[in-house]
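Protein chains in written order, with my numbering: chain V, 25 to 250; chain S, 25 to 250; chain W, 25 to 250; chain H, 25 to 250; chain E, 25 to 250; chain X, 25 to 250; chain D, 25 to 250; chain L, 25 to 250.
All residues carry an ideal CB built from backbone N, CA and C; glycine is no exception.
Quantities reported herein were computed from a predicted structural model and do not represent experimental measurements.
Remarks on the structure that follows.
Protein chains: 8
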Amino acid sequence: MSVAEEFTLDFARSERIGLEEAIFCAGKSPEQIDAILESARARGASLLLTRLDPEKRDRLDAAARLDYCPVSRTAVFGEAPRITGPARVAVVAAGTSDVPVAREALRVLAYAGRAAALFADVGVAGLWRLTTRIEEIRAHPVVIVAAGMDAALPSVVGGLVAGAVIAVPTSVGYGVAAGGRAALDAVLASCAPGITVVNIDNGYGAACAALRLLHAAGRLAAETER
Amino acid sequence: MSVAEEFTLDFARSERIGLEEAIFCAGKSPEQIDAILESARARGASLLLTRLDPEKRDRLDAAARLDYCPVSRTAVFGEAPRITGPARVAVVAAGTSDVPVAREALRVLAYAGRAAALFADVGVAGLWRLTTRIEEIRAHPVVIVAAGMDAALPSVVGGLVAGAVIAVPTSVGYGVAAGGRAALDAVLASCAPGITVVNIDNGYGAACAALRLLHAAGRLAAETER
Amino acid sequence: MSVAEEFTLDFARSERIGLEEAIFCAGKSPEQIDAILESARARGASLLLTRLDPEKRDRLDAAARLDYCPVSRTAVFGEAPRITGPARVAVVAAGTSDVPVAREALRVLAYAGRAAALFADVGVAGLWRLTTRIEEIRAHPVVIVAAGMDAALPSVVGGLVAGAVIAVPTSVGYGVAAGGRAALDAVLASCAPGITVVNIDNGYGAACAALRLLHAAGRLAAETER
Amino acid sequence: MSVAEEFTLDFARSERIGLEEAIFCAGKSPEQIDAILESARARGASLLLTRLDPEKRDRLDAAARLDYCPVSRTAVFGEAPRITGPARVAVVAAGTSDVPVAREALRVLAYAGRAAALFADVGVAGLWRLTTRIEEIRAHPVVIVAAGMDAALPSVVGGLVAGAVIAVPTSVGYGVAAGGRAALDAVLASCAPGITVVNIDNGYGAACAALRLLHAAGRLAAETER
Amino acid sequence: MSVAEEFTLDFARSERIGLEEAIFCAGKSPEQIDAILESARARGASLLLTRLDPEKRDRLDAAARLDYCPVSRTAVFGEAPRITGPARVAVVAAGTSDVPVAREALRVLAYAGRAAALFADVGVAGLWRLTTRIEEIRAHPVVIVAAGMDAALPSVVGGLVAGAVIAVPTSVGYGVAAGGRAALDAVLASCAPGITVVNIDNGYGAACAALRLLHAAGRLAAETER
Amino acid sequence: MSVAEEFTLDFARSERIGLEEAIFCAGKSPEQIDAILESARARGASLLLTRLDPEKRDRLDAAARLDYCPVSRTAVFGEAPRITGPARVAVVAAGTSDVPVAREALRVLAYAGRAAALFADVGVAGLWRLTTRIEEIRAHPVVIVAAGMDAALPSVVGGLVAGAVIAVPTSVGYGVAAGGRAALDAVLASCAPGITVVNIDNGYGAACAALRLLHAAGRLAAETER
Amino acid sequence: MSVAEEFTLDFARSERIGLEEAIFCAGKSPEQIDAILESARARGASLLLTRLDPEKRDRLDAAARLDYCPVSRTAVFGEAPRITGPARVAVVAAGTSDVPVAREALRVLAYAGRAAALFADVGVAGLWRLTTRIEEIRAHPVVIVAAGMDAALPSVVGGLVAGAVIAVPTSVGYGVAAGGRAALDAVLASCAPGITVVNIDNGYGAACAALRLLHAAGRLAAETER
Amino acid sequence: MSVAEEFTLDFARSERIGLEEAIFCAGKSPEQIDAILESARARGASLLLTRLDPEKRDRLDAAARLDYCPVSRTAVFGEAPRITGPARVAVVAAGTSDVPVAREALRVLAYAGRAAALFADVGVAGLWRLTTRIEEIRAHPVVIVAAGMDAALPSVVGGLVAGAVIAVPTSVGYGVAAGGRAALDAVLASCAPGITVVNIDNGYGAACAALRLLHAAGRLAAETER
């Protein structure tokens, strides 16, 4: 039995749903990841890698050819597109400990060629930190909010901005907050209407949701023009 | 102590975040709801009511003045806007039992003047039911998918359409599915990238998320034009 | 076996811990409650009853002699003390649906002769509702905050006031919020420091905590004077 | 107290239920495992070992005499039967990360002398990966499907094949998917009828279930012939 | 919006997967069920209905035309096939309280024309009740075991019979057993190898799994003959 | 299919394990219970019934022949033995709301001919209620303690008495206490050594455990004498 | 702040409840444990230590003076009593992996001077392993049963022996069995009457419960004699 | 992207809510913490650090300038205020293993200049350990009680003292107690009225709650004087 029969890359994904195939590295062996990268190289394709721990990265044959970010544990293999246009997405991190998740979202957006802006440590325990920056945040039609513990920030932001709000609960915290379930349930139960949610610590998914949304907006704009 | 001091209507909400104030009726007494409606009437404002059980509706003084839908347990008080433009939102119900949640979303969109289309009973147990309609669904830039039990449908749809996908897990099912947590966790853990999620049975929230998204798209279109 | 041997009233409680004995009526039969009231009457004592459903109240022999509040499901048997002094406790309800829990706290404080003020429907989805009243709330050294769903309000209040903050998560909500566990976990995981928490829907306990605190404050004031 | 009194091998199992005794190594000390292997050797019996971590394998006296597979963490001690006949079992892995569980099932089937075929990385996020191979899968009367995260694949497969479907939820994933409970609940709540389920990551149990089924089929075929 | 667009019957299911379409009635309105039955009648098709409460049955226009069983809450609309051949499936109920789930399985098997035998109240608290009947049970190549509370019976049966064992955990019990999660987890964690499991109280699913298995066995027998 | 094949009474139980067969009525239909009673009558046997709701009792043909206790929902059919000897078991109820569970234990002990004493409403919130009665409690070699909410009483009792302590967590309480899981976990995690636990609200099981213990003590006493 | 003020040994425990003070080492620092041992030494007292990991043992100043058992992670400091009399307690381990918990119980019984017998690997997957030894087990008035996974063994044993049965669920297993909650719930929900339960992996507590029981039996025997 | 934009210190917190900004170090990188400390140094501010593991401390550039306590994992950077006045807060630890949490509370109080007293290992398994010290504890108007496992101590203390009681459940224990949820639920469900609760292991939060309370008491005393 060979490693080659253990994966089937979805190179048609971008055409089908507007998002590039990405490799979720947790649970994959270095041998599997190297074989996948080799397969991409053979086609001249780039690949985004997520959840790649530094230890596993070091064990890859292709380690040196990766553009690796240890904070977000993401890597880019091959050419990434140039980032163009104004920032349409604000990525907000409630606390400093939520930054790795926010950075994952930023990296995924960048890999798709989209500009985005980071707003960090603006959680509600000191409301002034948010209110002094809310106008800047509001300028972006799409707002991603990463927050752990009680995850009160997405509710407050959702009550202040008219754009799309994508909440990413994080596993930051201890006791009842450990693992992120408290944050997840809080954002799902948000009293602010129309907030959407992705899995705990899923900065990648939040960015993909933002890309789907920009894609939809693009279609709507095109239709309106016509 | 009077009922009047027990609520504070947020009539500025629409201006602030583009969504009208709505009244969540579960947990409110008929006296409280009647007072709220009276307060709206005094301002000449319309109101949307959600989670209004038929029994509670019957106990309202204002019962006769409501446009009530027992399937979705929603009511409109006062004038609702005319629905204009083509349908931008597809509301997909995995099974017939998921229809009440889908109808709630449709009612909220209608109250906001937005056209939308229903696709019911297209769950993956009989994949042909989905594949024969996928082109129609794909024509909408925003897709809401209501699904209970294993909630496999949003993942399959998410792998087939490029637009924004908002999953609404429903409480349909029994045993491990009872209450909807299995469906919720399944859509949060979806293998299809960029799916967003709202609370269990939250057709209202899914519609609001769609409205936020259309609002964002409108802004982007306007900016592009300029 | 007789009902009389099934209870042991703790008339010394007030002396010991500064709080009067109260009767938790859920799970007690009308026969048991009537026997308890008779025993209090024989001693010339007053009693506070909590969690007394209207149906059970109607089945009590002593029904007519109770000062009953159906919203908070509390009753006072016998004489209650006069309320004196300025309001030291603010009772804040995030939404209109949280009012019953807030009213339970208010009734318990009143039974102890303490003035208190209600602030209802000031949840964070419309932040202006809170900010326009925050100065008034801040004027009270003790703040009880009842909130369901995502329970973001106690965190925001905790970041704005210097006094003691006692959060009461409520069971208001559905889906992940049903039963109040999401609200409970959110307030326990609050990013605002020094917020304390009582059981879900426990307006009684929040009021008792406030009374313990006022008792402690009284002792400290007395010591300082000396 | 000696290690010898700590185990009682069930060499009659095969006769009784058609499945050979196997040794679950998690929670057993190297001393216990070595004693068990010695006991088997003394009877001239073979043994299958499951959940044997590489570290524990290295600490066994019998390490060199094991046919060990680190991916599936299984080992065969002694002679294994020759694999005969056509493949009756398809082992399907939704993603590359689910391969270790699939390999465990394949090893157990091989130890029982049964041929089987692997279909890897055919999850529903790219439905074409499944549809291009479904005819091949359908050719097997028994289908084992290993899937983590949202585990949508078993539902889709269950709606497309007429044979027996045994789902193995895996612990692949993070956030709500961590540990595999989301995948487990999804397959138990499957909208496709007649799917059976084994414990999370239990490739061994899925293979045993397939063997029971082939045994039952053999009996039925024999009875029909008569 | 009409009821007709709320369902899509899967009349091709039998051809595709060997199981007839069945209607899960929980969560469907009487109007929806009547429309579904009318649609089946128009095609001359029979239908199996599950989870049909007596109250809802009484509200159906088609009530009189149903062959209804209140214990299992199942109904047959139209002609059911004749039951032929010897019983290949044993349906075992651990306690008398598990009989409704067992009867649901028996009804589904009968609707598919399959004979089956019931063995009731043979739980392990009195092991003799099982051991006196185990030979009879063993005579069936497929054994369905419905058990609530600690669900120890499937493990004991699984250690005694060589055929396929399908466990149906039931919601019988209280305290930690309430809802059936304890029974479910016990059978998933069974120490007897190769037991498969369906959702709590899912007699329907267990029967469908048995039918899939008999289908697979038929194919294998046919191939062997050739 | 007849009701008679749905049960198998275990009349040999008493001989085997020293405890009489008892009928758990929850989940059984009145028809099933009547058939069971008739079967007992035919053998001249008595039977204990547990969890028999008043409504179901009223629907039994044998209703008039039962010695029924609505508080504990237990019934005795036929002759019960005379209670003899001194009370060896103390049944302690933390609060008045825990009395029904305590009464169930007392009824089961009485049915077995064992004397026992009730100590009610001695919970730790007023420690004097316990300390004034601890000497009396200590006089019994076996102590059953029924407690809900935080279930702190068994820990305190366990630190004060040398005899066997059997804790019965009860479902008394609300919020986190609802259903009794908090009480159950507290007694399982007790800091007092050697406390044993039965299922939530399981007064029957606690009494059976006490009977097993008295049986064991009797054997030990007999052996010692010899 | 000194370590000495961090503990208060309960040397009167034995007199009060018949059980010696024991030191739970998890969560205590080596400094704390050494100070506790020194305090015992100063009084000439022995001490039992539980949950002492080998790593922590190695870091103790008193390491050399401990009688340490790495399998059960228990240690005896000072003189232990001589074991006298016949074995009154049977300690049964369902599988080989449950032996460490069984050994903890045996060590605690030995430290109290009580003889006991071990029966290992007699789980129900191979029922003959139990039935061939059940007479021996039955000869002991007290039976401790340690079982993980589905924990079906205590139910079967409880249906076969008349003595006291104390179940110790273990954390052996994976998937739904991980952590031992499935085993715990199974034994609490046991269909065999009168089984008592202690915390997961709590061999120490099971032994203490057995000692309480033997203590109670001794009192009863003494009273009977008089 | 630089570390400097990843945090926003809340130096105005003390003025706003009477509590100094503190740095929660879990989830922050050494680079982030060093940058935060540098930012404080630049303003001449002190900082309290919590949840700083020894390993992370060692990796800080500022390690040598910290007053670090490994037991409570807290550090003080810069000048701490002198402790003045009598001890108003009693910090009670149920067991020796709860001391780290108690020490965290003591360190936070000391950093705020408040005297406090420790009472360790006074859990209810040996009630005399509490009763001999209860008068001393009662002398403090505020009592913090840290307790794991069954957390029975706060309930007993709450029934004996009139002051404010703040319970801190700890993660001490195993099995059902692991992680501290059993302790948390027990204190939330306490039968003693008016006990407040903070997150598991949150000694920091308990101390902050005590500081808020002393602040409120100070205000009340000041108002009374006037």
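Check	Outcome
Inter-residue spacing [alpha-carbon to alpha-carbon] between W:Val166 and L:Gly187	15 Å
Three-state class that DSSP yields for X:Thr74 in the structure shown	strand
8 Å Cβ cutoff met for H:Ile254 and H:Ala139	Because residue 254 of chain H is not part of the residues shown, which for chain H are 25 to 250, the question remains open.
Limits of the beta strand (DSSP E) - the one that L:Arg65 falls within	Premise fails: L:Arg65 lies in the alpha helix (DSSP H), 54 to 67, not in any beta strand (DSSP E).
Segment contact flag, the region 81 to 89 of chain S with the region 44 to 58 of chain S, C-beta cutoff 8 Å, min 3 pairs	yes
Within 8 Å, strictly: CB atoms of S:Leu177 and S:Gly147	yes
Contacts of D:Leu43 in chain E (Cβ-Cβ under 7 Å)	Here the premise fails: no neighbours, minimum Cβ distance about 27 Å.
Any chain D beta carbon closer than 8 Å to H:Lys80	no
N-terminal and C-terminal residue of the beta strand (DSSP E) that L:Gly109 is part of	108 to 117
Beta-carbon gap between V:Leu71 and V:Gly102 smaller than 8 Å	yes
Beta-carbon gap between H:Ala207 and H:Ala175 smaller than 8 Å	yes
8 Å contact criterion, which V:Gly227 and V:Val192 should meet: CB distance rounded	6 Å
Which listed residue (W:Ala88, W:Ala233, W:Arg127, W:Cys49) has its alpha carbon closest to that of S:Val27	W:Arg127
Member of H:Arg40, H:Ala64, H:Ala50, H:Ala216 whose CA lies at the smallest distance from the CA of H:Leu33	H:Ala64
Three-state class that DSSP yields for V:Thr32 in the structure shown	coil
Partners in chain W for V:Asp122, counting only beta-carbon separations shorter than 8 Å	Within chain W, no residue comes near V:Asp122; the closest Cβ sits about 11 Å away, beyond 8 Å.
Residues, ordered as in the chain, of the region 182 to 207 of chain W that lie near chain S by beta-carbon distance below 9 Å	Thr194, Ser195, Val196, Gly197, Tyr198, Gly199, Val200, Ala201, Ala202
When E:Gly242, E:Phe31, E:Leu43 are compared against E:Val273, the one with the closest alpha-carbon	The structure shown has nothing for residue 273 of chain E, since chain E only spans 25 to 250.
Coil, strand or helix - X:Thr120 by DSSP	helix
Beta-carbon gap between V:Val116 and V:Val181 smaller than 8 Å	yes
Contact check, H:Ser179 vs H:Cys215, beta carbons under 8 Å	yes
Proximity test, Cβ basis, 8 Å: S:Ala213 and chain H	yes
C-alpha gap between W:Glu30 and H:Arg75, whole angstroms	55 Å
Chain V residues whose Cβ lies nearer than 9 Å to that of L:Ala50	Ser121, Val196, Gly197, Tyr198
Identity of the residue in W:Asp77, W:Ala86, W:Ile41, W:Ile47 nearest W:Glu62 by Cα	W:Ala86
Chain W within 8 Å of S:Ile224, Cβ atoms only	yes
Interface partners of W:Arg157 on chain A, CB under 9 Å	Looking for chain A here will not work: the only protein chains present are V, S, W, H, E, X, D and L.
For S:Leu212, the nearest candidate out of V:Ala201, V:Ile161, V:Ile224 (CA to CA)	V:Ile224
Own chain, CB closer than 7 Å to E:Phe48, minus 5 neighbours either side, in chain order	Thr74, Arg75
CB contact check: X:Val146 to chain W, cutoff 8 Å	yes
Spatially closest choice to D:Ser195 from D:Glu247, D:Glu45, D:Thr120, by CA coordinates	D:Thr120
Close-in-space but distant-in-sequence residues of the same chain around H:Val95 (CB under 8 Å, 5 per side omitted)	Val123, Pro124, Arg127
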